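Notes follow once the structure below has been shown.
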Amino acid sequence: MLVSWRSITGSGCMLNLFVCCAVVWADLPGDAGSTSLLNRHLTYTRPEKPYVILRRGEVEAVVVDNSEVDDDILPGHRAGYSGIGALRHSQRRDNLFAPPIAGLNFEHIHDGTIQERDILYEPRRAPMELRVIDEHTAELYQPPTPHWGLESVQRYHLLADGTIELTFECIPRRKTFAHDYIGLFWASYIHQPESLDIHFRGHTEAHADNSDWIRGVTPEHGKLSTHVGLNDSRDFPHDPKFPLTLVFNRSGYRYAEPWYYGVSHGMAYVQMFRPGDQVWLTQSPSGGGKGNPAWDFQFFIRDYEVGRCYRLVMRAAYIPYHSPRQVEQATARHREFLAR
0 MLVSWRSITG SGCMLNLFVC CAVVWADLPG DAGSTSLLNR HLTYTRPEKP YVILRRGEVE
60 AVVVDNSEVD DDILPGHRAG YSGIGALRHS QRRDNLFAPP IAGLNFEHIH DGTIQERDIL
120 YEPRRAPMEL RVIDEHTAEL YQPPTPHWGL ESVQRYHLLA DGTIELTFEC IPRRKTFAHD
180 YIGLFWASYI HQPESLDIHF RGHTEAHADN SDWIRGVTPE HGKLSTHVGL NDSRDFPHDP
240 KFPLTLVFNR SGYRYAEPWY YGVSHGMAYV QMFRPGDQVW LTQSPSGGGK GNPAWDFQFF
300 IRDYEVGRCY RLVMRAAYIP YHSPRQVEQA TARHREFLAR
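Note that numbering that gives the first Met the number 0 has the sequence shown beginning at 0, numbered continuously upward.
Shown next as C-alpha cells:
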C-alpha cells in the first residue's frame with residue numbers, strides 16, 4: 000500500500016488512510032494505477048502552459064486546468080472550466096465541446112444546503128495543478144478547497160482506442176458537509192448538436208419491467224433533468240430552495256444500465272459508469288448557452304469519513320454514429336470492464 004505524504008495530516012487519521020489505500024487498490028480498474036493523490040512513487044511533470052494535448056487512436060483531447068486560455072489551441076477558453084477543453088476525432092476535426100468552456104468539467108461540490116455561488120462552484124474557483132503522467136495521461140490536482148476542504152485528483156487517461164478513462168479520487172479533510180453526504184457534479188457542454196437530447200436504456204417509473212431505449216428530453220434548464228438507476232432508493236436531504244436546479248429535479252424515468260449517449264454532427268459521445276458508483280444521469284438543454292446542451296452526471300458519497308479516500312471511475316467514448324445498436328456494440332467491452 001502507498002500513502003502520499005499529503006495524506007498524513009495527523010496521527011488521528013492514519014488508520015483511515017490505510018483503510019483508504021486498501022479500498023482504492025482493491026477497487027482499481029485495469030492497470031492504470033492509483034492517482035498522484037495516493038501514490039507517492041508516481042512521477043509527473045508540470046507543463047509551462049495550463050493544458051496538455053493527448054492523442055491516441057483517432058482521438059485528440061486537450062486537458063486543461065481552470066485557468067483562462069486564449070491561443071490557437073484553446074481560443075477564448077474561459078477561466079473556471081477545467082477538464083477536456085477540446086475533444087476532436089479524425090472524422091470530425093471541430094471541437095465537440097462549446098469552445099469557451101469544456102467537457103468532463105468538475106463543476107460542483109455541495110451538501111444540499113443553500114450557499115453562495117462561489118462555494119457551490121468551488122471546483123471552478125480553487126487553484127488546480129496540471130500534472131502530466133505520460134503521453135496519454137494527465138491529472139488535475141486540487142488541494143483542499145477553501146470552504147469544503149475536499150482534496151482531489153482527476154486523472155484523464157486515453158486508452159488505446161481513444162476512449163477517455165476518468166478516474167476521480169478525493170479525500171474530505173474537514174467535517175464540513177451538513178447532511179453527511181458529499182454531492183459532486185460533472186458537466187459536458189456540447190457545441191450546437193442537431194438534437195439536444197440524450198439516449199439511454201430504461202423505463203418509466205410506472206413500467207419497471209419494460210426497459211427500452213429512452214430519449215431523454217428536458218423542456219428547460221432544471222426541469223425533469225435527472226435520471227436515477229433502477230434500484231437506487233437513496234434519498235439526499237436538501238433545502239427546498241437549493242439553487243442548483245439540475246441536481247434534484249428528477250424525471251419520470253429510471254435507467255436500467257449505467258451509460259448514455261448523445262449525438263452531434265454524426266458523432267456519438269458516450270458516457271459509461273461503474274454500476275457500484277450509482278451515478279445520476281443529468282441533462283440541460285441550455286447549460287452551455289442557447290443550443291449548447293449539457294450532458295452531465297452526478298456522484299454522491301454517503302456517510303463520508305474525514306481522511307478517507309473515495310473514488311469514481313467512468314469512461315467517455317467519442318465515435319462515429321450510425322445507430323443505437325452500433326453504439327451499444329462499439330462500447331460493449333468498456334461497459335463490461337466497468338461492471339467487473
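Glycine included, each C-beta is placed from N, C-alpha and C at the ideal position.
Here the structure is a predicted model, which is why all the values come from computation and not from measurement.
beta-carbon residue i near the ligand MN non-hydrogen atom, thresh 7 Å
{"i": "Asp71", "result": "Annotation note on the ligand MN: not contained in the displayed structure, which lists no ligands."}
Rounded straight-line distance, which links the Cα of residue j to that of residue i
{"i": "Gln325", "j": "Trp212", "result": "13 Å"}
{"i": "Ala159", "j": "Val131", "result": "18 Å"}
{"i": "Ser151", "j": "His321", "result": "37 Å"}
{"i": "Tyr180", "j": "Phe235", "result": "8 Å"}
{"i": "Pro319", "j": "Gly261", "result": "11 Å"}
{"i": "Leu95", "j": "Leu53", "result": "15 Å"}
{"i": "Asp133", "j": "Ile170", "result": "24 Å"}
{"i": "Gly82", "j": "Gly56", "result": "20 Å"}
{"i": "Arg301", "j": "Asp71", "result": "43 Å"}
{"i": "Gly265", "j": "Thr136", "result": "27 Å"}
{"i": "Leu139", "j": "Asp231", "result": "30 Å"}
{"i": "Tyr259", "j": "Glu59", "result": "21 Å"}
{"i": "Ala316", "j": "Tyr43", "result": "25 Å"}
{"i": "Glu164", "j": "Arg314", "result": "4 Å"}
{"i": "Ala331", "j": "Val269", "result": "11 Å"}
{"i": "Glu219", "j": "Lys48", "result": "37 Å"}
{"i": "Thr162", "j": "Arg123", "result": "25 Å"}
{"i": "Leu149", "j": "Arg310", "result": "13 Å"}
{"i": "His333", "j": "Ala255", "result": "17 Å"}
{"i": "Thr112", "j": "Phe184", "result": "15 Å"}
{"i": "Gly251", "j": "Ala125", "result": "35 Å"}
{"i": "Arg339", "j": "Gln328", "result": "18 Å"}
{"i": "Arg172", "j": "His206", "result": "43 Å"}
{"i": "His202", "j": "Asp208", "result": "8 Å"}
{"i": "Pro192", "j": "Ser210", "result": "26 Å"}
Reduced DSSP category for residue i - H, G, I as helix; E, B as strand; rest coil
{"i": "Ala137", "result": "strand"}
{"i": "Ile83", "result": "strand"}
{"i": "Gln328", "result": "helix"}
{"i": "Val246", "result": "helix"}
{"i": "Ile52", "result": "strand"}
{"i": "Glu59", "result": "strand"}
{"i": "Arg214", "result": "strand"}
{"i": "Glu121", "result": "helix"}
{"i": "Gly182", "result": "strand"}
{"i": "Gly228", "result": "strand"}
{"i": "Leu311", "result": "strand"}
{"i": "Arg154", "result": "strand"}
{"i": "Ser322", "result": "coil"}
{"i": "Pro359", "result": "Residue 359 lies beyond the stretch modelled for the chain, which goes from 0 to 339, so this question has no answer here."}
{"i": "Phe176", "result": "coil"}
{"i": "Arg39", "result": "coil"}
{"i": "Arg233", "result": "coil"}
{"i": "Glu67", "result": "coil"}
{"i": "Ser187", "result": "coil"}
Spatial neighbours of residue i in its chain, beta-carbon cut-off 7 Å, leaving aside the 5 residues before and after
{"i": "Ala186", "result": "Asn104, Glu106, Gly286, Ala293 and Asp295"}
{"i": "Val227", "result": "Arg249, Arg253 and Trp279"}
{"i": "Ala78", "result": "Asn65, Ser66 and Glu67"}
{"i": "Lys174", "result": "Val305"}
{"i": "Pro46", "result": "Leu129 and Val131"}
Given residue i as reference, the closest of the options once Cα atoms are compared
{"i": "Pro257", "options": "Arg200, Arg154, Ser263 and Arg310", "result": "Arg200"}
{"i": "Asn248", "options": "Trp279, Pro274 and Leu229", "result": "Trp279"}
{"i": "Leu36", "options": "Gly306, Ala329, Arg233 and His198", "result": "Gly306"}
{"i": "Met127", "options": "Tyr50, His202 and His198", "result": "Tyr50"}
{"i": "Arg116", "options": "Asp69, His146, Gln282 and Thr175", "result": "His146"}
{"i": "His76", "options": "Arg92, Ser89, Gly102 and Val216", "result": "Gly102"}
{"i": "Met271", "options": "Ser263, Thr166, Ser210 and Tyr303", "result": "Thr166"}
{"i": "Tyr155", "options": "Gly275, Val61 and Gln297", "result": "Val61"}
{"i": "Asp276", "options": "Pro192, Arg214 and Phe298", "result": "Phe298"}
{"i": "Pro323", "options": "Pro192, Ala267 and Phe336", "result": "Ala267"}
{"i": "Pro143", "options": "Glu204, Glu193 and Glu121", "result": "Glu121"}
{"i": "Leu86", "options": "Ser210, Leu157, Ser66 and Tyr303", "result": "Leu157"}
{"i": "Phe176", "options": "Tyr303, Arg339, Glu335 and Glu327", "result": "Tyr303"}
{"i": "Asp73", "options": "Asn65, Asp64 and Gly84", "result": "The sequence shown places Leu at residue 73, not Asp. With distances taken between Cα atoms, Leu73 lies closest to Gly84."}
{"i": "Arg92", "options": "Ala207, Ile197, Arg233 and Ser263", "result": "Ser263"}
{"i": "Lys240", "options": "Val63, Gln114 and Ser33", "result": "Gln114"}
Interface flag, residue i vs chain B, CB-CB below 8 Å
{"i": "Val262", "result": "The structure shown contains no chain B, having only a single protein chain."}
Contacting residues, own chain, Cβ-Cβ under 6 Å from residue i (five flanking each side not counted)
{"i": "Ala97", "result": "Tyr188, His190, Gly287 and Asn291"}
{"i": "Thr217", "result": "Leu223, Ser224, Gln282 and Pro284"}
{"i": "Leu195", "result": "Pro284 and Pro292"}
{"i": "Arg273", "result": "Val312 and Leu337"}
{"i": "Leu41", "result": "Ser35"}
{"i": "Asp69", "result": "Gly75"}
{"i": "Asp80", "result": "Reading off the sequence shown, one finds Tyr at residue 80, where the question assumed Asp. Around Tyr80: Ile100, Ala101 and Asn104."}
Expected contact under 8 Å - CB spacing of residue i and residue j to nearest Å
{"i": "Asp110", "j": "Gly182", "result": "6 Å"}
{"i": "Gly221", "j": "Leu245", "result": "6 Å"}
Own chain, CB closer than 8 Å to residue i, minus 5 neighbours either side, in chain order
{"i": "Leu119", "result": "His107, Ile108, His109, Pro242 and Leu243"}
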